[in-house]
Amino acid sequence: MAKAELALAVEGLTVSFDGFKAVDDLNLYVDQNELRVVIGPNGAGKTTLLDLICGRTRASAGSVKFKDKELTRMPEHQIVRAGVGRKFQTPSIYENLTVFENLEVSFPRGRTVFGAMTFRRSSEVIERVHRVAEEIYLEDRLENAAELLSHGQKQWLEIGMLLMQEPELMMLDEPVAGMSVTERQKTAELLNRIAVGRSMIVIEHDMEFVENIAHKVTVLHQGKLLAEGSMEAVQANPKVIEVYLGH
Amino acid sequence: MMQVNGLRSGYGQSVVIHDLGLQAGKAEILAVLGRNGMGKTTLFKTLMGILPTRAGSVRVGGEDIAGLESYQRVAKGVAYVPQGRLIFSTLTVEENIRTGLRKSAKGRIPDEIFSLFPVLFDMRRRKGGNLSGGQQQQLAIARALVSEPKVLLLDEPTEGIQPSIIKDIARSLKEIRKLKNLTILVSEQVLSFALDVADRLVVLDRGRLVHECTASEANAKTLSAYLTV
Amino acid sequence: QQFPTTKVNTTKLAVTDGEVTVGQLHSATGTMAISETGSIQAERLAIDQINATGGVLGRKIKIIQEDGASDWPTFAEKAKKLLVNDRVAAVFGCWTSASRKAVLPVFEKENGMLYYPTFYEGLEQSKNVIYTGQEATQQIIAGLDWIAKQKNAKTFFLIGSDYIWPRTSNKIARKHIENVLKGKVVGEEYYPLGTTQFGSLINKIKLQKPDVVYAIVVGGSNVAFYKQLKAAGVTSDKQTLLTISVTEDEMLGIGGENVEGFYAAMKYFQALDNPNNKKFVEAFKAKYGEKSVIGDVTQAAYLGPWLWKAAVEKAGSFDIDKIAAASPGIELKIAPEGYVKIHDNHHLWSKTRIGVAQKDGQFKVVYESGLIEPNPFPKGYQ
Amino acid sequence: MSWFSEFGAILAMQGFNGLSVFCVLLLMALGLAIIFGQMGVINMAHGEFLTIGAYTTYLFSSLTTSYAPAFAPYYFFFAIAGAFLIAFCVGYLVEWGLIRHLYRRPLDTLLATWGLSLVMQQAFRSTFGAKEVSATLPDWLMGSVKPSESIDIPINGLFVMGLTVILTGMLALLLYRSQWGLRVRATTQNRIMSGAVGINTRRVDRITFALGCGIAGIAGAAFTTIGSTGPTSGSLYIVDTFLTVVLGGAASLAGTIASAFTIAQTQATAEFFMHGSMAKVLTLSAVVLILMMRPQGLFSIKVRR
Amino acid sequence: MKTIYRNVLGGKAGTLDVLVLAAILFAVFPFALDPFRLSLLGKYLCYAFVAVGLVLCWGYGGILSLGQGVFFGLGGYCMAMYLKLEASDPVSTKIQSTPGIPDFMDWNQITSLPWFWEPFKSLPLTVIAVLLVPALLAFIIGVAMFKRRVKDVYFSIVTQAIALILSVLIIGQQGMTGGVNGITDLKTLHGWDIRSDSAKYILYYASGVLLIAGILFGRFLIASKVGKLLLAMRDKEERVRFSGYDVANFKVFVFVVAALFAAVGGALFTLQVGFMSPSFVGIVPSIEMVIFAAVGGRMSLIGAVYGTLLVNFGKTYFSETFPSLWLYFMGGLFILVVMLFPNGIAGLMDSHVRPWLARRRGARLRNAETPADAPPVDSSLPGTATVRSPSPLAPGEGASTPRVQPAH
Ligand SMILES: Nc1ncnc2c1ncn2[C@@H]1O[C@H](COP(=O)(O)OP(=O)(O)OP(=O)(O)O)[C@@H](O)[C@H]1O
Ligand SMILES: Nc1ncnc2c1ncn2[C@@H]1O[C@H](COP(=O)(O)OP(=O)(O)OP(=O)(O)O)[C@@H](O)[C@H]1O
Ligand SMILES: [Mg+2]
Ligand SMILES: [Mg+2]
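Chains as they are written, first to last, in my numbering: chain E, 641 to 887; chain B, 23 to 251; chain G, 27 to 408; chain Z, -2 to 302; chain S, 292 to 699.
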């Protein structure tokens, strides 16, 4: 294992809920600058895996190393500050704030109480917000309240909020669920663009979309690794077809 | 079976559905297509009585249900699987399904439900909220089916579902339709699924019907043109 | 006119040629309304009677009623309103010590006159207050003496609600028991106001088996305490209990059957057999209904307007300073409790009686002391 | 009698005392366990519904004494039924007039019902007078059982216990074994979706709220045996009641039972060893500490998200 | 300068609001009211501090504290202890068995001043204690609860329990605290007679000035990133945590700020009313304080002041006019406000008064520019089933937390 190359090393990760092992002795390695897609049947433990990495759920056993930092004991906000960003399955944005404010709040400065009190909207912040907004196709919606955005735009906004943090590892849970065909294409473009210079883990069920973005695909099943490899290899894997893709 | 005339509805001041007319025959599966925000969910909510009908009529089996409350519509034979599942997260899977049961069922869940969604049987004692997204979707469908509806409204049932189950759902929808003479309205973004299940397709754009065709005469090109503008 | 307004009112009080305004400040709402209603009624009765016989210095008394709402700051606010805005010539009011403590600075600063009806812990004396109830030593010592002699009691269990009156009273009781009666206090317990569960306390009493339980529980707790005592089999045939906090008013809520046979030490019982009281009870019932009852404080409240009238007439003026000075030495021969006289310290000379609670909610008087001097700062009891 | 057996007797009575405090707390909390625990309505007027029950008992008692003295030993059962009915009806009206407009704003129910409790207290005062009243309780209820020379077990305590057990059992069955209970739990979780699966949510809400009030009425009637009846009597219970339900973990009946037990035992034991006031402080601090360690209460229903 | 104008004063509309309040407090009331009413008003202003603090912590932070009375009381007690010591000099207490200690201690056989009273011999230490003691308690409660993620009703009930604990403790330790009676008969502050009419005026103005300063500070907080984070947290706490913030710290912070507001109010209250008692610490006053904020509009700092004044004036007026029926009116008022004006007075202003003014202005300037910032129309009709949180940017404060235009 060439550790220096790895962005994320998950080893022996296990979590059980009332005896049910949602993630079971899982090993997963993500390279730097890699865009990894995790697929697998409903209930395979994909979301739980992300929860474990970002500290939302505490592991029963195993380790999660991000750039040689052990994440399993860290509080959530520390993990984020270490450079891990996470998008939830349903869009999680601040409906009451404007798009601009949503992005601004995610800017990684003024994170302490005192810092937040003295935080000023400097030209640097404004510039960053505009840059990100352009990236996520929302530059003309900056002043709208976020609750007025369409479903797809909300998903993008959440991605934008992650971008503001400039995470080195970005994890997206079903980013195109509920999006229309056009939006899916735009999202794929977006992901391919922002994947440059950082590692990403994406969970998705839309195979067309996966094909568009994936460098490498991991298939989970019942909390365990079922298969891993290129898209073509995985799609051809009979076990994957059996439990996931269907005949 | 279901006949919608001059339907208008929306939120607050804004009108989302404009004088919409629609019909679906007995045992017909009608797919409602449309891009994001074109009013599919709004239409279904209005049909279900969750949003008030501003104008127009909704007939099920000849009876106008436009003025009724949601629960009365269920009694008249309408069932609904909402977008985003909305299962009862602190109830167990079994209890979730039982909420939809009719009085005549005496609290027994028909076996066919579990044969349709075996995963729900394995998880029947688990809290609904703990299921994975896809499992919740199956639960929501099961919950709607046990009320023995005449018309089933499915709002984006494939969202977040694994490919094999999407195929299963398509298959079982057709099966159920045959078995129970069920009329199904299903809204979709994914064209392939819609083409797979539907007998007929309509396209919704800004709250109006802009295209209608049967599955056999459906042309993937024209349809995607409507869906990608 | 014999008493021209300019003569009898030199301090801009609300006194006109035909009318004099007084204030009434009790809790008509909140938890204390239960207790204070009787006082409100008695004061009104007295004022009606005074008006019917010509008023005070030829002037009819007009009442401004304010609600203290069982809340001490509100009492202070309303007291100030009565004194500053309404310029009332006297205030009849307050019930709890806390409300009195809250209004006292107001009365002293604005120079008003308060007639305070409740038996209380003492340790206070003000030019601006006439205390028409008993202070602690008057109520406590005679009762303890009697019960110690009568029941040959050596051990005592003191119980109280947790606030100043029960605590101070129990302190006096303890000193008296230990120093004078040479008895022993085997327990002293306090429960927050509003407590409704006394099981543990009752078990402790059972464990200690005191000769006398000395109880100063008040408010809603009172009812719970006696009901639970009865249910736990602690009844008067097995246990002697002396209380200074159960009057006929409280009996309404507790139910006579639950306190039957227990003793209470008060200066007044409705059952007192004298002509003054007969007339008073009759008038009270005529005004407030056959079912109404009169407790110690109610009677003391009734004294207030009469004592004020006497002081005004003695001073020939409504001025606060003059009636404050004129008050000591005033006697009231029509008092339902018999005879009272205002002491130099603004408290009343009065007798203490022991009553045995009856099933019908009344007390049977079994003992009557001589006239006791009020002593709000008792030496040797602090 | 030896000191030892006496000690045993005290121990037994103290044990019983703990149990009876437990039952009182639980009985108080049952109604709120539905209204707050299940429906999420922060009903500050809950105490006043207890008071309704208490006044109903008083009314039944005075009617019996005046018109049918022979009936006196039995009237109490009818009083309980009456208390339930009246509190149920008032609750029904309150839900219709007030609560149903506030389901989307749970915290506002706190403010509105606080106003309601003021109004109700004043209504009691205007109707029954500001002074306390007392229902004449049947003699059989006020005695004690003597299993041995030195042990007295209060019958009213036993009665409250019996009532609590029966009510809790019925409620548990209703909530967790009946279709109605399922509807209640579904409705409180998502009113709109419940409508869409065929539940008449308005009726469910109204009946549920009224039922909670009715149970409070029963509790109020039962408490006439151990407590006072006055316009503000109910407010004595309100804080303890909320503590009990919240400590249990809002939506769980088992939690309410466990929490009533915890609080009662802490309180009863502490009271035996220290002043009532300090015991109260100790008990409350224990509650705060437990909540700190279990932020969702003793029996929280854990679901993801 | 411009940022101060925008963030602290809240731009044009916000400045106007503050000026109107200041005019009412400093110009209208002192001349329209007699000294007695004015001193009542001074008392209400003290409650207004609590209400303003609650707007921050409940309205913005989503933390409903049912124990603000604790902090109000602690601030008040700290001040009262100082005043009591000053009033208990050996000369005026010479009839006591131990002269020089407060009278209630003497009645309770306490023969020397308890240690925790010692600091209150000094005015500077007292002022520090007024702020520090409540803030420290709030900090401890906050850290203990928020780090453990106790929230919503659970937190509310915990604060309620703490209010009860403290009041039982104060009452139970009457030898050291004055018990139920509280600390009464306070006379002078560092030799200055606080009971005189002139003192009342001065204290009234002082309260008013401090209150407005407090409001401005509140606005500064709301306009700063802290305010946005609070709103964000109330909406999606998880998301804030996963944006790298330690959510608990922010909650502790607003909770402490609210406690400080309450404490200042309590201290001023003691000065104006001349006593402090446990009846401010308990559950009932704490709930009433929440009601003040709710009536005013829980999202509006200035609304909270009006709400407090309205409720208290209502209480005073109704109870003077209908001494035995006034609870119907007060109860009815609370119910009506909650049912009809969920955003309180501020909401009423924004949904009715401001648009009306705007229309009138608009009519006058018909052909001139379009009327200024009319609030966005809330599009959710009652009856539509989609559950939408009532817009937390309640228009009342909308003016002071503008959807700020990024300056280009
Ligand atoms: N807190 C919990 N308690 C009990 N079971 C849980 C809990 N969290 C997750 N599970 C279970 O763990 C399994 C994995 O869930 P997870 O949400 O990770 O699946 P997923 O792979 O994301 O599925 P989907 O594609 O449907 O979103 C599921 O069977 C779920 O029921
Ligand atoms: N609660 C609401 N209040 C106001 N407007 C709304 C609300 N919900 C939806 N809308 C608006 O109504 C329009 C139709 O929305 P709807 O959810 O019905 O679209 P949809 O076709 O279901 O889209 P999707 O494919 O994203 O689910 C959109 O413009 C949306 O912004
Ligand atoms: Mg998932
Ligand atoms: Mg939709």
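Backbone N, C-alpha and C define an ideal beta-carbon position, used for all residues, glycine too.
| Asked | Found |
| --- | --- |
| What do you reckon, is the C-beta of E/T858 under 7 Å from a heavy atom of ligand 3? | no |
| Is B/E178 close to ligand 5? I mean its beta-carbon at under 7 Å from any heavy atom of the ligand. | In terms of ligand content, the structure shown lacks ligand 5 and carries ligand 1, ligand 2, ligand 3 and ligand 4 instead. |
| Going by DSSP, what residue range makes up the beta strand (DSSP E) through B/L231? | 230 to 236 |
| Using 7 Å as the cut-off, classify the Cβ of E/Q729 as near or not near the heavy atoms of ligand 3, replying yes or no. | yes |
| Along chain S, which residues have their Cβ under 7 Å away from the Cβ of Z/H98? | M630 |
| Taking the C-alpha atoms as reference points, what is the distance between B/L12 and Z/M117? | Residue 12 of chain B falls outside the range modelled here, since chain B spans only 23 to 251, and no answer is possible. |
| G/K191 to G/I242, Cα distance in whole Å? | In the sequence under discussion, the amino acid at residue 191 of chain G is Trp, which differs from the Lys named in the question. Their Cα atoms are separated by approximately 9 Å. |
| Please list, in chain order, the residues of the segment 813 to 831 of chain E that have any C-beta partner in chain B closer than 8 Å. | E814, A817, G818, M819, S820, V821, T822, E823 |
| I want to see whether chain E comes within less than 8 Å of S/S515, judged by CB atoms only; does it? | yes |
| Pick helix, strand or coil for G/G94, following the three-state DSSP scheme. | coil |
| Starting from B/A46, follow the beta strand (DSSP E) in both directions and report where the run begins and ends. | 36 to 46 |
| Pairing CB atoms from the segment 292 to 303 of chain G with CB atoms from the segment 248 to 263 of chain G, are three or more of them under 8 Å? | no |
| Mapping DSSP to helix, strand and coil, what is S/T675? | Confidence at S/T675 is low in this model, with a pLDDT of 32, below 50, so its placement is unreliable and no value can be given for it. |
| Which residue from B/L226, B/I198, B/A240 puts its Cα closest to that of B/H40? | B/L226 |
| Where does B/P140 fall in DSSP's three states? | helix |
| Which chain E residues sit within Cβ distance under 7 Å of S/G535? | H717, V720, R721, P748, R751, Q805 |
| Looking at the strands, I want to know which residues DSSP matches up with E/A785. | E/T738 |
| Closest by CA to B/V168, which one among B/G156, B/F136, B/G150? | B/F136 |
| Does at least one heavy atom of ligand 3 sit under 7 Å from the Cβ of E/D813? | yes |
| Quick check: the Cα distance between G/N178 and G/P236, rounded to an integer number of angstroms? | 12 Å |
| Counting pairs of Cβ atoms below 8 Å between the segment 229 to 237 of chain Z and the segment 138 to 155 of chain B, do you hit three or more? | no |
| Nearest by alpha-carbon distance to S/V421: which of S/L324, S/F363, S/I462, S/S534 is it? | S/F363 |
| Z/L90: buried (16+ other C-beta within 10 angstroms of its C-beta) or exposed? | exposed |
| Just to make sure I have the definition right: I need the residues of chain G whose C-beta is within less than 8 Å of the C-beta of S/L618. Which are they? | T55 |
| Bridge partners of S/W483, per DSSP? | S/L480 |
| Taking only three categories from DSSP, how would you classify S/T661? | Unreliable placement is indicated for S/T661, whose pLDDT of 40 sits below 50; the coordinate value is still reported in the next sentence. Coil, per DSSP. |
| Give the range of the alpha helix (DSSP H) segment to which G/Q176 is assigned. | 162 to 177 |
| Let's test the definition: count the other Cβ atoms within 10 Å of the Cβ of Z/G15 and tell me whether it reaches 16, buried, or not, exposed. | buried |
| I want to see whether chain S comes within less than 8 Å of G/W121, judged by CB atoms only; does it? | no |
| Mind reading off the beta-carbon distance from Z/S274 to G/Y216? Whole number of angstroms is fine, and I expect it under 8 Å. | 5 Å |
| Counting pairs of beta carbons, one from the segment 386 to 395 of chain S and one from the segment 481 to 500 of chain S, are three or more of them closer than 8 Å? | no |
| Kindly indicate the opening and closing residues of the alpha helix (DSSP H) around Z/A213. | 198 to 220 |
| Taking Cβ-Cβ distances shorter than 8 Å, what residues in chain B pair up with Z/R180? | T121 |
| Is the CB of S/A665 under 8 Å away from at least one CB in chain G? | Low local confidence applies: a pLDDT of 37 at S/A665 is under 50, so the model's placement there is unreliable, and no value is given. |
| List, from N- to C-terminal side, the alpha helix (DSSP H) runs of 4 residues or more that fit wholly inside the segment 352 to 398 of chain G. | none |
| Checking 8 Å against the spacing of the C-beta atoms, do S/L601 and S/V586 come in under that value? | yes |
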